[in-house]
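Student: Numbering (my numbering), first residue to last: 0 to 161.
Where a beta carbon is used, it is the ideal one built from N, C-alpha and C, also for glycine.
Bear in mind that the values here come from a model prediction, so they are computed numbers and not experimental data.
This structure is in C-alpha cells; I'll ask about it shortly.
Right, here's the structure in full:
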C-alpha cells in the first residue's frame with residue numbers, strides 16, 4: 000500500500016466519505032411535526048370509530064320488529080302485551096360482549112310453551128316471530144347464564160289477550 004499524505008483530503012484519494020456511505024436517519028423538525036400530526040389524526044379517528052360503534056350498540060336492525068334488549072342485568076322491556084292473532088316479530092338485541100365469564104356473552108330467549116329457544120351472540124341481534132294464536136300469559140327467560148329462569152331479572156312475560 001502506498002503512502003498517504005495526512006494533508007490530502009480523503010475525497011481526493013478516491014475513497015468515499017463516511018457521511019456519504021451511510022444515509023442519515025435524523026428527522027428534520029418539519030418532518031417530526033408532520034409525523035406527530037398524522038399520529039394525532041389516526042388516534043382521533045380510532046377514538047371516533049369506537050365512540051360511533053358504541054353509540055350504534057343496541058340500535059334495532061328491523062324497525063318493524065319489537066326490540067327486546069338483553070344483558071347480564073336482564074330483559075328490557077320484560078313484559079309484552081299483544082292481541083291474539085296479531086303478528087309479533089321480535090328483535091332480540093344482546094348488549095353484552097364476548098368477555099363475560101358467565102356464558103361468554105351469549106343469551107337466549109326461551110318460551111317453553113311454544114318450544115322456542117332463540118340464541119343471540121355477543122353484541123348481536125336475532126330476528127324471529129313469536130306465535131300469538133292462543134290467549135294466555137307466557138314466561139320467557141334466558142337459560143345461558145345469570146342463573147337461568149330462576150333469576151327474576153332474566154325472565155319476562157308475554158301476555159296474549161283474547
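If you reduce the DSSP assignment to three classes, tell me which class residue 115 lands in.
Tutor: Against the chain shown, residue 115 aligns to sequence position 116. Correct three-state label for residue 115: strand.
Student: Please report how far the alpha carbon of residue 133 lies from the alpha carbon of residue 84, in whole angstroms.
Tutor: On the chain shown, residue 133 is found 134 positions in, with the first residue counted as 1. On the chain shown, residue 84 is found 85 positions in, with the first residue counted as 1. Those two C-alpha atoms are separated by around 8 Å.
Student: Do the CB positions of residue 201 and residue 96 come within less than 7 Å of each other?
Tutor: Because the chain in this structure spans residues 0 to 161, residue 201 falls outside the shown range and cannot be described.
Student: Within 10 Å of its beta-carbon, does residue 112 have 16 or more other beta-carbons around it, so buried, or fewer, so exposed?
Tutor: As a working note, residue 112 is residue 113 in the chain shown. Classification for residue 112: exposed.
Student: Out of 150, 31 and 92, state which residue places its alpha-carbon closest to the alpha-carbon of residue 57.
Tutor: For the purposes of this step, residue 57 is taken as the residue at position 58 of the chain shown. The residue with the shortest Cα to Cα distance from residue 57 is 92.
Student: When DSSP labels each residue in this structure, what does residue 53 get in the three-state scheme?
Tutor: Here residue 53 refers to the residue found at position 54 of the chain shown. Note that residue 53 has pLDDT 44, beneath the 50 cutoff, so the model's placement of it is unreliable and the number below is only indicative. Assigned with DSSP and collapsed to three states, residue 53 falls in helix.
Student: Which word fits residue 89, buried or exposed, when buried means at least 16 other C-beta atoms lie within 10 angstroms of its C-beta?
Tutor: Position 90 of the chain shown, counting from 1, holds the residue named residue 89. Buried, since its Cβ has 16 or more Cβ neighbours within 10 Å.
Student: Is residue 155 near residue 74, with beta carbons less than 7 Å apart?
Tutor: Residue numbering aside, residue 155 sits at position 156 when the chain shown is read from its first letter. Residue numbering aside, residue 74 sits at position 75 when the chain shown is read from its first letter. Going by C-beta atoms, residue 155 is nearer than 7 Å to residue 74.
Student: From which residue to which residue does the beta strand (DSSP E) around residue 125 run?
Tutor: By one-based count along the chain shown, residue 125 stands at place 126. Note, residue 125: beta strand (DSSP E), 124-129.
Student: On a Cα-Cα basis, can you pick out the residue from 87, 116 and 36 that is closest to residue 65?
Tutor: By 1-based counting over the chain shown, the position of residue 65 is 66. Nearest of 87, 116 and 36 to residue 65, Cα basis: 87.
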